[in-house]
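Trainee: Take this structure first; my questions come after.
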Amino acid sequence: MSATVFGYIRLEDDDEAEEDRFHDLLVAHAVAEGLKLADVYVDRHMPPARIMRPGLTELLARLQRPPGSGVLVVTAEHLSTSPQVRKAIEVEIGNAGGAVLVVEASDAHSIGPRT
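When the letters of the sequence shown are read in order and numbered with UniProt numbering, they come out as residues 1 to 115.
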């Protein structure tokens, strides 16, 4: 059985073409890695330093059912370009039982829940 992941996209504007491109990248990566992409959450007009985001909040709640799901992002910058904010979001995802999976990373990596 393939792992279930939820996509996440953060946009500072509402560029539909860019959103579609990111969505397609998430879908292609999930298929290539044998992951089940259950849904993609999008936050539009979100500055990178903002932690409280409607789509991210809904995603965190969804991660708790079923436990062990992941969050798939095109780049880590979709969480935030601020390292401190990105780390805080990664911790929240881990606390919710999820793992962060990055499509385009210089070193492909996964950040899982802390044990």
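For glycine and all other residues, C-beta sits at the position ideal for the given N, C-alpha and C. None of the values given here were measured: they were computed from a predicted structure.
Taking just the CA atoms, how far does V5 sit from K36?
Mentor: Residue numbering aside, residue 36 sits at position 36 when the sequence shown is read from its first letter. Residue numbering aside, residue 5 sits at position 5 when the sequence shown is read from its first letter. Each residue's alpha carbon lies about 6 angstroms from the other.
Trainee: Would you say L101 and V74 are within 8 angstroms of each other, going by their C-beta atoms?
Mentor: Residue 101 sits at position 101 when you count from the first residue of the sequence shown. Residue 74 sits at position 74 when you count from the first residue of the sequence shown. Result no, Cβ atoms of L101 and V74 do not sit closer than 8 angstroms.
Trainee: Among H23, A32, R21, E16, which has the Cα closest to the Cα of S2?
Mentor: Reading the sequence shown from its first residue, position 2 is the one you call residue 2. Nearest C-alpha to S2: A32.
Trainee: At the level of alpha carbons, what is the spacing between Q64 and A76?
Mentor: Residue numbering aside, residue 64 sits at position 64 when the sequence shown is read from its first letter. Residue numbering aside, residue 76 sits at position 76 when the sequence shown is read from its first letter. Rounded to whole angstroms, Q64 to A76 spans 21 angstroms at the Cα level.
Trainee: Helix, strand or coil for H42 per DSSP?
Mentor: Here residue 42 is taken as the residue at index 42 of the sequence shown, counted from 1. For the record, residue 42 in the displayed sequence is Val; it is not His. V42 falls in the strand class under three-state DSSP.
Trainee: Could you name each continuous beta strand (DSSP E) segment of 3 residues or more that falls completely within the stretch 57-100, going from the start of the chain to the end?
Mentor: Whole beta strand (DSSP E) segments, 3+ residues: 70-73.
Trainee: To the nearest angstrom, how far is the alpha carbon of D24 from that of Y41?
Mentor: Residue mapping note: residue 24 aligns to position 24 of the sequence shown, counting from 1. Residue mapping note: residue 41 aligns to position 41 of the sequence shown, counting from 1. The straight-line gap from Cα to Cα measures roughly 13 angstroms.
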